[in-house]
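Read through the structure below, which is laid out as structure tokens, and then see the notes.
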Amino acid sequence: MIVVNEGAGKLYSLGYVQKLHRQIRVKAGLPDDLRFTSFRHGRLTEIGDAGEADMRAVSGHSEIKITKICDKPSREKARRIAVTRRAHIVKITGGAKAGDE
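Residues 11 to 111, numbered by this note's numbering, are exactly what the sequence shown covers, in order.
As structure tokens, this is what we get:
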């Protein structure tokens, strides 16, 4: 994302970025409740879905607990948790099948 006015070499103001985001959102027909931070949350959720826990290098946050706020629950995370849990059950039961536990 470009947040620096390349002509002036200065950061765009928050007001300008919000105005530009609103114009793009309206032109694209996106929902009114889509916020500028939604893009960060979506990106970090996708990274979390890929299995990464520490996203500070790409998020710009200094604390992992803040990245957790942006990393939203998803079906992919639920699927991965279920697979991991099942593997754990198989390991501790010596390979017992579902219903044998």
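Heads up, the beta-carbon is just placed ideally off N, CA and C, and yes, glycines get one too. Bear in mind that the values here come from a model prediction, so they are computed numbers and not experimental data.
8 Å contact criterion, which Phe46 and Gln28 should meet: CB distance rounded: 6 Å
In this structure, what does DSSP give as the bridge partners for Leu21? Val14
Work out the CA separation of Leu24 and Gly17 for me, nearest whole Å. 17 Å
Give me the Cβ distance between Ser69 and Arg50, rounded to the nearest whole Å; I'm assuming they're in contact under 8 Å. 7 Å
Since I believe Lys20 is in contact with Val13 (beta carbons under 8 Å), could you give me their beta-carbon distance rounded to a whole number of angstroms? About 10 Å; that fails the 8 Å criterion.
Alpha-carbon spacing of Glu111 relative to Asp43, whole angstroms: Its pLDDT being 48, under 50, Glu111 is placed unreliably in this model, and the value from its coordinates should be taken loosely. Here the C-alpha atom of Glu111 lies approximately 46 Å from the C-alpha atom of Asp43.
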